[in-house]
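Data block below; observations after.
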Amino acid sequence: MSKFSDDYHDYVFKNGKLLGQFDDMYRHSKEVPWHQDKTANSLFVDLDIAILKHFLPEFNIRSICDLGCGLGYVSARLHSEISPLVAELNITGIDVSTEAAAQACLLHPHINFFGVNILHDDISSWERKFDLLYVKDVLWYVAQDAKLFFSKAKTLLKRGGGALPAAIRAG
Ligand SMILES: C[S@@+](CC[C@H](N)C(=O)[O-])C[C@H]1O[C@@H](n2cnc3c(N)ncnc32)[C@H](O)[C@@H]1O
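If you're matching positions, the sequence shown starts at 131 in the numbering used here and goes up one per residue.
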């Protein structure tokens with residue numbers, strides 16, 4: 131019998147403490163963790179996309195980073211719904227789990243995904259900078275380092291990219 135649980139919850143929190151074993155979770159979970167394939171089509175994402183579409187012309191948004199993208203289902207939705215409206219739109223997904231990023235590349239080969247730990251990797255010299263960061267259902271896992279999270283996330287924005295800070299939706 132495998133020593134690995136196939137229940138994704140077992141890799142996330144234990145006794146109220148964050149385990150954060152996201153690579154093993156994405157490797158061994160029998161379900162899609164957090165049912166990302168289904169929640170990508172939820173009303174919340176519908177609303178996010180509607181808000182984003184509203185602000186697109188005003189803020190000249192051409193590049194979006196889906197931070198903590200998991201398997202990239204929302205990144206793919208952003209790509210299919212926003213790219214018809216913006217010439218050469220760039221959508222990039224990053225996730226602490228290189229396993230999630232690798233699976234996302236296979237699922238959505240038209241999008242770039244990278245394994246990046248927003249808290250601990252040195253991203254200050256990363257050439258990729260974005261007009262907008264989209265963060266969905268990630269803050270739970272970085273909450274104990276919230277200040278660090280926001281200061282590191284900010285370095286992913288182009289100069290002036292902070293024009294739409296409300297786009298970092300709480301969740
Ligand atoms: C609940 S999932 C949300 C996935 C996706 N945003 C969605 O809504 O479908 C949370 C994701 O945050 C990622 N994550 C947690 N800590 C992270 C960190 N420090 N840097 C980057 N990603 C992180 C996890 O690997 C996981 O894929």
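For each residue, glycine too, the CB sits at the ideal point set by N, CA and C.
- Shown here, I194 sits in a strand according to DSSP, grouped into three states.
- DSSP places T285 outside both helix and strand once states are collapsed to three, so it counts as coil.
- Taking 8 Å as the cut-off, one finds no heavy atom of ligand 1 near enough to the beta carbon of D176.
- A buried status is given to R207, since no fewer than 16 other beta-carbon atoms sit within 10 Å of its beta-carbon.
- In the structure shown, D251 adopts coil according to DSSP, grouped into three states.
- For the alpha helix (DSSP H) assignment, the uninterrupted runs of no fewer than 4 residues enclosed by the region 221-245 are, from N- to C-terminal side, 228-237.
- Taking the CA atoms as reference points, I179 sits about 24 Å from V226.
- Taken from the Cβ of L249, at least one heavy atom of ligand 1 lies inside 8 Å.
- About 6 Å separates the CB atoms of L219 and I212; that is less than 8 Å, so the two are in contact.
- Here P163 is buried, its C-beta having at least 16 other C-beta atoms within 10 Å.
- Distance from the Cα of F260 is smallest, within the candidate group S210, G198 and T222, for T222.
- In its chain, beyond the 5 residues on either side, F243 have a beta carbon closer than 6 Å to the beta carbon of C235.
- Shown here, F134 sits in coil according to DSSP, grouped into three states, outside any helix or strand.
- Secondary structure note for L263: its beta strand (DSSP E) is the uninterrupted segment L262 to Y264.
- Within its own chain, the residues whose Cβ lies closer than 6 Å to the Cβ of G245, once the five positions on either side in sequence are excluded, are T228 and A231, listed in chain order.
- Taking a C-beta distance under 9 Å as the contact criterion, Y203 and T169 qualify as a contact pair.
- Residues of the same chain with a CB within less than 8 Å of the CB of S281, apart from the 5 flanking positions on each side, do not exist.
- DSSP lists F143 as the beta-bridge partner residues of L148.
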